[in-house]
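*Asks:* According to this note's numbering, the sequence shown is numbered sequentially starting from 589. Idealized CB from N, CA, C, for every residue including glycine. On a predicted model such as this, the values are computed, not experimentally measured, just so you know.
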Amino acid sequence: MSLAKMVGKDFELPEEISEAQLREVLVRAFEYLVEDDFPKLVQILYRADVDQDKLKRLLESAENSSSGEVIADAYIARQKAKLEIWNKYSKS
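#1: Can you give me the C-alpha to C-alpha distance between K597 and L621, rounded to a whole angstrom?
#2: Measuring alpha carbon to alpha carbon, tell me which residue in L647, D624, E603 and E604 is nearest Y663.
#3: Taking R645 as the reference, which of S655, L591 and A636 has the closest Cα?
#4: By the three-class DSSP mapping on this structure, what secondary structure does V630 have?
#5: When you compare only the Cα positions, how much space is there between P627 and D641?
Rendered as structure tokens:
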């Protein structure tokens, strides 16, 4: 399974997308959700199992990044970790 395919569960994305493009799309999506659909943002982050306390600390300490960038980076990191675990145990 690819990162784009995993993220595609929450967002409509082409499967052939680079990680940089994926991050850009997610930054814009999360910026929109923060402003216009906060309940959906919370639902997506909950489903992805993004640690709320860690995210809160990251948002509070982010000086040169937008909230969309911080959330996108945390979301991508969590999805990568899940993908790594999935790949490790699916090959056994």
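*Replies:* Here's the rundown:
#1: Mapped onto the sequence shown, residue 597 falls at position 9. Mapped onto the sequence shown, residue 621 falls at position 33. Distance between the alpha carbons of K597 and L621 is about 16 Å.
#2: Your numbering for residue 663 matches position 75 in the sequence shown. Answer by Cα proximity: L647.
#3: By 1-based counting over the sequence shown, the position of residue 645 is 57. Selected option, being the one with the closest Cα: S655.
#4: The residue you call residue 630 lines up with position 42 of the sequence shown. If DSSP states are grouped into helix, strand and coil, V630 belongs with the helices.
#5: Start at 1 with the first residue of the sequence shown, and residue 627 comes out as number 39. Start at 1 with the first residue of the sequence shown, and residue 641 comes out as number 53. C-alpha separation (whole angstroms): 17 Å.
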